[in-house]
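With my numbering applied, the sequence shown closes on residue 232, and no number is skipped along the way.
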Amino acid sequence: MDHDIVYKEQSLPRTYDPLDHVTTYLICRNTLLRTGISQILAGSRFILAEEIVNDLSDLPAIAGLAPALVLLSESLDRNTCMATLEKLRIACPSVRLVMMADDLPIQEVVQLCQVGLGGICPTTMPRSSLLKVLELVMLGGTFLPGSVSVKLLQQVSGRRVHEGSPAPATGETGRLTARETQILRCLTQGASNKIIARELDLSEATVKVHIKAILRKVRAENRTQAAIWAQEHMAFAPSTDAAVA
């Protein structure tokens, strides 16, 4: 997969079975584009709804309580989009929304995620990758392209320096164990404790203990600061093969 993934835990109804077919509402007024996306979803678990949805405001009346996916394939007025997403999150908490877009301003990305956007997929994403991302979102995750993730980290890092907050100490990598280095690399990819535990064959409790040790050693207050520190200093860390997909 050519795109990095940022994970964030969300709650989903316990009755949701990831193997079930997912009712998918496609908001797209371009007939040619709609046909192309329909072909991409053909044969997958994402079954396009018969109802034609022209606006996000139509969804509360038809989505109901069952888990459903909304695939937004065109740009809408951002203020209207964010206001409707906020209402949708309250009226239909089981509905997940993914936007297909390129080069969204970082501030808009942050605002959209805050009001419930489940993911942003580049229009150049391969079919297999897109389907995996949609599955991830339906499981409660959030996906952002790697380029967006890097910009967010840079923004956070720049704000910290601008505000005069003490930066995490450097030169501490040598104190990290091989396992802590693996976990720190996972943090730079936005992996949750559950994902890290699965990939490294550890318990979540063990992962939490390692993360606390990492935060102490690199003098970071949270996972985000630790990830930023790693982006800047992992060149000094022992090489590992850990990866989160």
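Here a beta-carbon is modelled for each residue, glycine too, at the ideal position from N, C-alpha and C.
DSSP state of residue i mapped onto helix, strand, coil
{"i": "R210", "result": "helix"}
{"i": "M87", "result": "strand"}
{"i": "L189", "result": "coil"}
{"i": "C108", "result": "strand"}
{"i": "A184", "result": "helix"}
{"i": "V102", "result": "coil"}
{"i": "V57", "result": "strand"}
{"i": "V40", "result": "coil"}
{"i": "L35", "result": "strand"}
{"i": "A230", "result": "Note that A230 scores 37 on pLDDT, short of 50, meaning its location in the model is unreliable and no value can be drawn from it."}
{"i": "L171", "result": "helix"}
{"i": "L13", "result": "strand"}
Straight-line Cα distance separating residue j from residue i
{"i": "N209", "j": "L139", "result": "15 Å"}
{"i": "N17", "j": "V96", "result": "24 Å"}
{"i": "Q98", "j": "Q218", "result": "24 Å"}
{"i": "L13", "j": "S25", "result": "9 Å"}
{"i": "S136", "j": "L75", "result": "25 Å"}
{"i": "C116", "j": "A78", "result": "First, the residue type needs correcting, since residue 116 is Ser and not Cys in the sequence shown. Cα to Cα, the separation comes out at about 30 Å."}
{"i": "L59", "j": "A184", "result": "33 Å"}
{"i": "D90", "j": "M112", "result": "14 Å"}
{"i": "L123", "j": "D188", "result": "20 Å"}
{"i": "V194", "j": "A178", "result": "11 Å"}
{"i": "K181", "j": "M87", "result": "27 Å"}
{"i": "T108", "j": "P92", "result": "According to the sequence displayed, residue 108 carries Cys and not Thr. Going by the C-alpha atoms only, they are around 14 Å apart."}
{"i": "I215", "j": "A29", "result": "40 Å"}
{"i": "N66", "j": "A192", "result": "41 Å"}
{"i": "C15", "j": "L126", "result": "24 Å"}
{"i": "S190", "j": "Q94", "result": "35 Å"}
{"i": "H197", "j": "Q176", "result": "17 Å"}
For residue j and residue i, believed in contact at Cβ under 8 Å, the rounded distance
{"i": "L81", "j": "A36", "result": "At residue 81 the sequence reads Ser, which differs from the Leu that was named. Rounded, the Cβ-Cβ distance is 14 Å, inconsistent with contact."}
{"i": "T129", "j": "G106", "result": "6 Å"}
Distance CB(residue i)-CB(residue j) smaller than 8 Å
{"i": "L84", "j": "V40", "result": "no"}
{"i": "T11", "j": "I34", "result": "yes"}
8 Å CB neighbourhood of residue i in its chain, flanking five on each side removed
{"i": "I201", "result": "L163, E167, I170, L171, L174, A207 and A213"}
{"i": "T110", "result": "M87, A88 and D89"}
Spatial neighbours of residue i in its chain, beta-carbon cut-off 7 Å, leaving aside the 5 residues before and after
{"i": "M69", "result": "Q98, L99 and V102"}
{"i": "R114", "result": "I27"}
{"i": "L20", "result": "S60"}
{"i": "L104", "result": "L72, L84 and M86"}
Min CB distance residue i to chain C below 8 Å
{"i": "A214", "result": "Looking at the structure shown, chain C is missing, and only one protein chain is on hand."}
Same chain, Cβ closer than 6 Å to residue i, neighbours up to 5 away in sequence not counted
{"i": "R32", "result": "H8 and V9"}
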